[in-house]
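Chains as they are written, first to last, in the numbering used here: chain A, 179 to 521; chain B, 179 to 521.
There are 2 protein chains.
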Amino acid sequence: MSNSDSSNSKCKIIVDAMGGDFAPQNAVLGAVQAFNENKDFELFLIGKEKEILKVLSENNLSFAKENIIHTEEVIEMGETPTAAIKSKPNSSIVAGVKLVKEKKADAFVSAGNTGAVMAAATLIMGRIPGVGRPTMGASMPNISGICTVFDVGASVDSKARHLLEYAIMGSIYTREIFGIEKPSVGILSVGEEETKGSEVSLAALEMIKKTNLNFKGNVEGGDILKGTVNVVICDGFTGNILLKFGEGVLTLLKFKFKEYAEKGITNKLKIGLVKGAMKEIMKDFDYEEQGGVPLLGVNGICIIGHGRSTSKAISNMVLRAREMYAKSLIKKFESSIGQYSHL
Amino acid sequence: MSNSDSSNSKCKIIVDAMGGDFAPQNAVLGAVQAFNENKDFELFLIGKEKEILKVLSENNLSFAKENIIHTEEVIEMGETPTAAIKSKPNSSIVAGVKLVKEKKADAFVSAGNTGAVMAAATLIMGRIPGVGRPTMGASMPNISGICTVFDVGASVDSKARHLLEYAIMGSIYTREIFGIEKPSVGILSVGEEETKGSEVSLAALEMIKKTNLNFKGNVEGGDILKGTVNVVICDGFTGNILLKFGEGVLTLLKFKFKEYAEKGITNKLKIGLVKGAMKEIMKDFDYEEQGGVPLLGVNGICIIGHGRSTSKAISNMVLRAREMYAKSLIKKFESSIGQYSHL
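As structure tokens, this is what we get:
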């Protein structure tokens with residue numbers, strides 16, 4: 179593995195083979211699939227070599243052995259992030275992130291312990307100059323397209339300045355990845371009026387107004403799914419609760435449909451008849467299918483997936499990392515954050 | 179209207195006839211329906227007498243004219259709460275709340291401007307001794323029953339002590355109204371571990387641990403709909419965003435089903451076939467049908483409804499007010515809040 183010269187060389191992506199509830203199976207299959215369908219980037223699998231080789235051979239997949247990086251330790255899903263990254267320097271997460279820090283790779287993709295990946299990326303890769311706190315964005319479907327919410331859990335107790343950073347990076351990400359020329363940005367609050375909000379949200383509103391972002395001011399919880407704006411900014415405490423609540427709504431709906439079907443044979447037939455329709459409608463909401471969320475603001479590309487990530491989700495995460503590299507997002511973040519250092 | 183002696187006399191409930199998008203129609207019909215079906219309380223309708231009489235006569239309803247309290251002014255849905263309650267002392271909201279303050283009535287029910295009702299109730303009725311901030315609770319359906327979230331918008335930037343108050347009052351409300359003997363209480367956070375949370379949520383966690391509430395510590399956004407606990411405590415900023423996001427999920431789902439149906443005749447037939455099922459399943463989530471939310475912590479009973487409240491919702495709100503009176507909730511809040519004044 180040689181040093182990566184970001185602009186000319188092929189993008190080097192490291193996938194955490196040990197990350198996720200179905201690791202190494204889903205991680206290896208998804209990563210190799212993304213690679214085989216594109217081949218315009220370099221793929222590295224990091225984790226227990228024996229286990230990786232086993233998945234490859236069981237699925238009749240050929241993969242360059244020199245692109246497997248063996249690590250002995252594994253950070254489990256339930257471990258305390260900071261303690262785990264300290265005590266397991268030879269884990270796939272810590273070693274993988276370190277290779278990005280050392281410019282031996284450009285991106286790290288993992289469906290492992292979210293907190294550990296965030297902590298490792300933040301502490302080891304470091305932050306982009308001018309960024310106070312990294313942020314995770316989750317994209318949710320709406321009536322007219324997609325709305326991405328920053329932050330959904332990278333930090334809590336964000337200050338107004340951090341929300342400004344989320345707005346800047348979120349706006350660039352949405353422009354480059356979703357092809358929306360001037361993404362509209364709203365700040366999450368308890369009313370549309372400019373006087374409504376928390377101390378922090380009101381201070382952030384005043385700051386973001388001074389940028390040249392396409393800022394629409396306050397938006398409400400319902401606006402995320404109405405398609406009022408392309409980017410919604412909030413503290414990671416609220417964003418994380420929102421994201422998990424949204425997942426909960428879907429789980430509850432599935433339960434209610436099942437409960438209805440179990441009430442009698444007519445009900446069962448009705449539900450059976452529209453199962454396909456249901457699946458198609460629910461697909462957009464399925465976080466397992468959507469791939470991971472980007473961690474923006476760290477000095478390197480980092481995509482974090484849901485523990486339940488399918489191989490398709492992993493594949494999508496790898497392709498997203500490749501796109502972020504091709505579009506030089508890290509450089510664009512740095513230059514734009516620098517532009518607003520006076521705020 | 180004579181002074182109300184809370185324990186022995188009949189409960190006196192004032193309904194804001196001018197409150198809500200379909201006022202006076204829905205407010206009058208719903209209130210009179212609740213009264214006609216029970217008659218064990220006294221009902222007063224407050225608002226423009228002529229308009230109230232018109233709705234009554236158009237619907238062939240008889241109602242004691244002396245129980246109509248005429249007010250000339252109306253606070254509109256879009257008005258700024260504090261300015262409106264100052265400039266319109268003879269509005270149904272301000273005058274109605276004042277009658278509760280003066281002990282001439284026991285409860286005020288309104289589907290009008292939420293902010294104005296909250297502000298009027300807080301400023302005019304005043305707070306129960308020991309309560310720093312009133313709180314609104316919204317009940318949401320889950321797999322095993324109902325979970326009530328406090329606060330969903332009565333205040334923002336709550337301090338830890340306020341969250342403790344929400345926990346105490348929310349717990350009593352859930353015990354008395356939903357008949358759950360020792361309601362389990364959780365505090366909304368970004369993880370179950372006791373170390374996870376915002377500065378305020380962590381401080382509140384330590385405080386609530388010292389009470390004899392059935393406290394389960396941190397819960398996540400998804401737990402609200404899983405039925406993990408009966409009562410969920412959070413700051414009104416997060417709670418309000420969550421509530422509106424939940425409503426948004428339902429709106430989006432309805433849109434998606436419609437979109438699917440419009441794709442072709444087979445799709446249309448499929449959706450048509452399960453419309454009834456859908457309605458039954460979605461009913462539990464329909465905030466318009468559920469009636470209003472109680473404003474706890476003010477020194478009197480106050481129920482606030484959604485602007486779109488149906489007459490059934492208004493009727494349910496009136497019955498809830500009557501129940502809160504019968505169960506002496508205000509006294510129970512006061513005594514329990516007093517018990518924890520040392521925290």
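Beta carbons are placed, not taken as given, at the ideal position from N, Cα and C, and that holds for glycine.
Going by DSSP, residue 248 of chain A is part of no alpha helix (DSSP H) but of the beta strand (DSSP E) stretching over 246 to 248. For residue 456 of chain B, the uninterrupted alpha helix (DSSP H) run begins and ends at 453 to 461, by DSSP.
Inclusion of residue 378 of chain B and residue 375 of chain A in the CB contact set at 8 Å is not warranted, their separation being larger than that value.
Listed along chain A, no residue sits closer than 8 Å to residue 473 of chain B by beta-carbon distance, the nearest being about 15 Å off.
In this structure, residue 500 of chain B lies near residue 189 of chain B, with their beta-carbon atoms less than 8 Å apart. Residue pairing from DSSP places residue 315 of chain A in a beta bridge opposite A/328.
If you look at residue 419 of chain B, you'll find it in the alpha helix (DSSP H) that goes 414 to 439.
Relative to residue 311 of chain A, the option among A/269, A/356, A/471 and A/414 whose CA is nearest is A/414. By the CB criterion at 8 Å, residue 295 of chain B and residue 508 of chain B fall outside the cutoff. Contact between residue 421 of chain A and residue 399 of chain B holds, since their C-beta atoms are separated by about 7 Å, short of 8 Å. Scanning chain B for C-beta atoms nearer than 7 Å to the C-beta of residue 335 of chain A yields 376 and 377, reported in chain order. When secondary structure is reduced to three states using DSSP, residue 511 of chain B falls in the helix class.
Residue 309 of chain A and residue 382 of chain A have their alpha carbons spaced roughly 15 Å apart. For the set A/433, A/435 and A/371, the Cα lying nearest the Cα of residue 258 of chain B is the one of A/371.
Per the DSSP secondary-structure output, residue 225 of chain B pairs in a beta bridge with B/248. Secondary structure of residue 356 of chain B (DSSP, three-state): helix. From the listed residues A/298, A/328 and A/438, the smallest Cα separation to residue 409 of chain A is found for A/328. Counting of Cβ neighbours within 10 angstroms places residue 401 of chain B among the buried residues, the total reaching 16 or more. Below the 8 Å Cβ cutoff, chain B contributes no neighbours of residue 328 of chain A, its closest Cβ being approximately 14 Å away. Neighbours of residue 440 of chain B across chain A, judged by C-beta separation under 7 Å, do not exist; the nearest C-beta is about 12 Å away. Looking from the CA of residue 476 of chain A, the closest CA among A/231, A/390, A/227 and A/343 belongs to A/343. The C-alpha of residue 417 of chain A is placed about 9 Å away from the C-alpha of residue 366 of chain A. Between the C-alpha atoms of residue 445 of chain A and residue 388 of chain A there is a straight-line separation of about 56 Å. Neighbours of residue 455 of chain A in chain B, taken as residues whose beta carbon is under 9 Å from its own, are 435, 438, 439, 445, 448, 449 and 452 in chain order.
For residue 259 of chain A, the uninterrupted alpha helix (DSSP H) segment begins and ends at 259 to 265. With fewer than three CB-CB distances shorter than 8 Å, the region 487 to 497 of chain A does not count as touching the region 350 to 363 of chain A.
Taking 8 Å as the upper bound for CB-CB distance, residue 471 of chain B and residue 314 of chain B are in contact here, some 5 Å apart.
For residue 494 of chain A, same chain residues with a beta-carbon under 6 Å away, outside a window of 5 residues either side, are 469 in chain order. In the structure shown, the three-state DSSP call for residue 309 of chain B is coil. For residue 388 of chain B, no pairing in a beta bridge is given by DSSP. Near chain B, meaning a CB-to-CB distance below 9 Å, the residues of the region 369 to 402 of chain A are 369, 371, 373, 374, 375, 376, 377, 378, 379, 398, 399, 400, 401 and 402. Relative to residue 232 of chain A, the option among A/298, A/456 and A/206 whose CA is nearest is A/206.
Here residue 265 of chain A is not near residue 225 of chain A, since their CB atoms are 8 Å or more apart. In the structure shown, residue 394 of chain B falls within a strand segment according to DSSP collapsed to helix, strand and coil.
In the three-state reduction of the DSSP assignment, residue 241 of chain A falls in the coil class. Residue 470 of chain A has a beta carbon lying at 8 Å or more from every beta carbon in chain B.
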